Amino acid sequence: MANRIGVEVSIAIANAVKLANVDLVAAYPITPQTHIVEHLSELVANGELDAEYVPVESEHAAMSCCCGSSAAGARTFTSSSSQGLSLMSEILYPAAAMRFPIVMVVANRAMSAPISIWNDHQDIMVQRDVGWIQTFAENGQEAVDLTLHAFRVAEDRRVTLPMMVNIDGFTLSHVIEPMEMMSQEEADAYLPPFKPRYRLDPRKPVTMGPVGMPEVYTEAKVAHSEAIKKSKKVILQGWKEFADMFGRHYNLVETYRSEGAEVLLVTMGSISETAMTAIDKMRDEGQSVGLVRIRLWRPFPGPEFRKVAGKAKVLAVVDRCLPPGALCGPVGAELRSLFYKIPGSPKIFSFVAGLGGRDVRVEHFEEMVDKARAFAKRRPKELYDVIGVREK
Amino acid sequence: MIPEFENFKGFKIKNIPKDEPLAPGHRACQGCGEVLALRMVMKALGKNVIVCNATGCMEIITSPYPHTAWRVPWIHIAFENAAAVASGVEAGRKALRRKGRIPKKHVDIMAVGGDGATGDIGLQWLSGALERGHDFLYVCLDNEAYMNTGVQRSGCTPYGAMTTTSPPGKKSFGQVTWKKDLPAIAVAHNIPYVATASPAYFLDLMNKVKKAALVKGPAYVHIYSPCPTGWGSAGERSIEFSKLAVDTKVFPLYEVIEGRYIISRKIKKPKPVTDYLKGQRRFRHLGEDHISYIQKRVDADYEKLVKLSEMV
Chain A
-5 MANRIGVEVS IAIANAVKLA NVDLVAAYPI TPQTHIVEHL SELVANGELD
45 AEYVPVESEH AAMSCCCGSS AAGARTFTSS SSQGLSLMSE ILYPAAAMRF
95 PIVMVVANRA MSAPISIWND HQDIMVQRDV GWIQTFAENG QEAVDLTLHA
145 FRVAEDRRVT LPMMVNIDGF TLSHVIEPME MMSQEEADAY LPPFKPRYRL
195 DPRKPVTMGP VGMPEVYTEA KVAHSEAIKK SKKVILQGWK EFADMFGRHY
245 NLVETYRSEG AEVLLVTMGS ISETAMTAID KMRDEGQSVG LVRIRLWRPF
295 PGPEFRKVAG KAKVLAVVDR CLPPGALCGP VGAELRSLFY KIPGSPKIFS
345 FVAGLGGRDV RVEHFEEMVD KARAFAKRRP KELYDVIGVR EK
Chain B
2 MIPEFENFKG FKIKNIPKDE PLAPGHRACQ GCGEVLALRM VMKALGKNVI
52 VCNATGCMEI ITSPYPHTAW RVPWIHIAFE NAAAVASGVE AGRKALRRKG
102 RIPKKHVDIM AVGGDGATGD IGLQWLSGAL ERGHDFLYVC LDNEAYMNTG
152 VQRSGCTPYG AMTTTSPPGK KSFGQVTWKK DLPAIAVAHN IPYVATASPA
202 YFLDLMNKVK KAALVKGPAY VHIYSPCPTG WGSAGERSIE FSKLAVDTKV
252 FPLYEVIEGR YIISRKIKKP KPVTDYLKGQ RRFRHLGEDH ISYIQKRVDA
302 DYEKLVKLSE MV
């Protein structure tokens, strides 16, 4: 294994895409995704990556181009953020339903208005139900590892679905971190060549994307839904072999000092590192708290989450998204339905924090834990609470 | 001149390919000029092609799962993005060919869409693909409105035409705008080949499509496609209207090869536009003043085309 070297996370992700030996990258620039695609463009320009870089005229075209490329049998990558992700949203659906194993890194960013280039998870939560496999990285190393893993899972014949790796914009995309990069030989050993089941080829014509009459539409949707549920096994297998080869272990959900904890913070993405610091502080003070981090968001790892969090009394769920008019944040809502009517299950409260790049510090996590405890005793009016909001 | 054209002798009545890459048994309306044009397009292209179809009549009528009318590889993703999908097919295949993962042999790639998919909702995607220089042809089958959704006006709907969203009424005479000049927009991208074609002149149509496929880089063919359902015209008169559109100068046939305009069919003795307008329900409400305006503008547009063709 190579030494750890300091590199910007976006550059490292681009290098991981290069190690995956992609055939085509189609992308449109949007902050904070830009460094990933700039570096890929550079790798292609220098001949270090033998791929087509298609500088499309919009994110919608990026995803459309990716569909065409993947249908032609090419290993395909793109990256986007925020407004761009929303613009390509229409095509995210057929990309998944038509089973194109495209890999996309999303540098998560707030949605306009007001326009904000900074990080939260509102962009991806809007795309929650597009039918892509979705993971969240905590740090740069994980972002790199999940990217390579994504190609393997997406292209596995048992899965054949597109996959998104979510990284927090700026807090991950633009930081320099010491990381281990695998060699090309190691990457090749981990990731077999892409062998699509069908491709657009005049020698064997296929019709892709036909009209679905009411007699077949439901079945098509159910087939897609079943496929994404079944992908969990392949995802885990991919991580197991990753651990065997590279020594880094990944799970559907991760825990930190959660054993026997009364209150569990639930996080996704890079915010989890600050949360761990907060847990350490609270544990030192004798509080019974721990952390559960969701790595796989779609398909949602329900049983696995229940297993690690089911015995806690209270879950303080951090939502990086405030859906106006909803009962609570999306992660909170997911967990509430997971535990609904299960006897002895924890009380669940959603804490909306870190919108549009607002810092979430150790004291904010302490506040969430305190509030969650209080809410458990006396049910609040709302199922969510916005942390750190200024009154005036 | 374009070197790829040198060995192309052209289709003649005697050598029209027998192959039907677009099979019969699809669900088009009786007298549909669009599917007839598409059939000729496919005859010209043969089977060594990948088709990227925009959402629209042609996509709907040819692909109700589990049936398909396509004997060639075909993909449909959405309404506006056929050109971008074709970009991906083309570029993806380019990488795969270079890496030795698919045969070196050239395969034509066609994006095809209606006038709305091409010139309204899909204009950006078309522009992007033409500008980037992908080796593909784009075929616009122009039936002059959104027929698949029930005859709503598009940017390509002709002046005065009645549609469900440009209805004539006490304060309206139908479509108030002049037809958007999509071939001119394609020409503005400085691509090697642009042409207009009509199913009435089917050999000309097939030759243009073949040239568009042969040329290296992007090519654009704009095909007039009568729609009896949307136009309120008799199904058996689709070819007649196609011919009249050319003979009245309403839809002139021309090529633009490397920026040079060549009129394919010079109209020396044009018929009056009324010959074309009458018999189509979409125009029947038009009074003298509108018809004479149409005549003037048609003449002026044709004159402009003649001027362009005289420039060397």
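The listed protein sequences correspond, in order, to chains A and B. Just so you know, we're using our numbering here: the first sequence kicks off at -5 and counts up by one. Just so you know, we're using our numbering here: the second sequence kicks off at 2 and counts up by one. From the three backbone atoms N, C-alpha and C, an ideal C-beta is built for every residue, glycine too. The structure displayed is predicted, hence computed values, not measured ones.
- Distance check between B/V73 and each of B/V52, B/M207 and B/K297 places B/V52 closest, using alpha-carbon atoms only.
- The beta carbon of B/G280 sits closer than 8 Å to those of S234, A235, R238 and F242, all from its chain and outside the five residues before and after it, given in chain order.
- Rounded to whole angstroms, the Cβ separation of A/R289 and A/T129 is 6 Å, and the two are in contact under 8 Å.
- Assignment of B/N16 by DSSP, reduced to helix, strand and coil, places it in the helix class.
- Shown here for A/F188: same chain residues with a beta carbon closer than 6 Å to its own, the five before and five after excluded, namely R69 and E149 in chain order.
- The beta carbon of A/E253 is closer than 8 Å to those of G284 in its chain, skipping five residues each way along the sequence.
- Assignment of beta-bridge partners to A/Q128 by DSSP yields A/M158 and A/R292.
- Taking 8 Å as the cut-off, the beta carbon of B/G260 is found closer than this to the beta carbon of B/N191.
- Around the beta carbon of B/F284, 16 or more other beta carbons lie within 10 angstroms, which makes this residue buried.
- Residues of the same chain with a CB within less than 7 Å of the CB of A/L185, apart from the 5 flanking positions on each side, are A14, L142, F145 and R146 in chain order.
- A/K341 and A/L309 have their C-alpha atoms roughly 6 Å apart.
- Interface annotation, A/I24: not in contact with chain B, CB-CB separation never under 8 Å.
- Using a 10 angstroms sphere on the CB of A/M207, the tally of other CB atoms stays under 16, which defines it as exposed.
- Spanning the alpha carbons of A/P196 and B/N49 requires a straight line of approximately 6 Å.
- Within the stretch 61 to 90 of chain B, I61, S64, P65, Y66, T69, W71, R72, V73, P74, W75, I76, H77, I78, A79, N82, A85, V86, A87, S88, G89 and V90 place their CB atoms closer than 7 Å to a CB of chain A, listed in sequence order.
- B/D205 and A/V99 have their C-alpha atoms roughly 48 Å apart.
- When 7 Å is used as the limit between beta carbons, B/V108 is near these residues of chain A: P196, in chain order.
- Neighbours of A/T201 in chain B, taken as residues at a C-beta separation under 7 Å, are given in chain order as S64, T69, W71 and W75.
- Annotation: B/Y255 to A/G232 spans about 57 Å, alpha carbon to alpha carbon.
- In chain order, Y147 and S155 place their CB closer than 6 Å to the CB of B/G117, counting only its own chain and leaving out the 5 sequence neighbours on each side.
- Around the beta-carbon of A/H29, 16 or more other beta-carbon atoms lie within 10 Å, marking it buried.
- Rounded to the nearest whole angstrom, the C-alpha separation of A/P204 and A/P190 is 19 Å.
- By the C-beta criterion, the stretch 55 to 74 of chain A is judged to be in contact with the stretch 86 to 97 of chain B, since at least 3 inter-stretch pairs fall below 8 Å.
- Spatial neighbours of A/I273 in its own chain (CB-CB distance under 8 Å, excluding positions within 5 residues in sequence) are listed in chain order as Y250, R251, L259, V283, G284, L285 and F359.
- Ranked by how close their Cα comes to the Cα of A/F71, the residues A/S80, A/A89, A/L81 and A/Q77 have A/A89 in first place.
- Within the stretch 220 to 267 of chain A, no alpha helix (DSSP H) run of at least 4 residues lies entirely inside it.
- The shortest CA-to-CA distance from B/L131 to any of B/K171, B/V222, B/P271 and B/H286 is the one to B/V222.
- Nearest C-alpha to A/Q178 among A/E256, A/D364, A/K224 and A/A10: A/A10.
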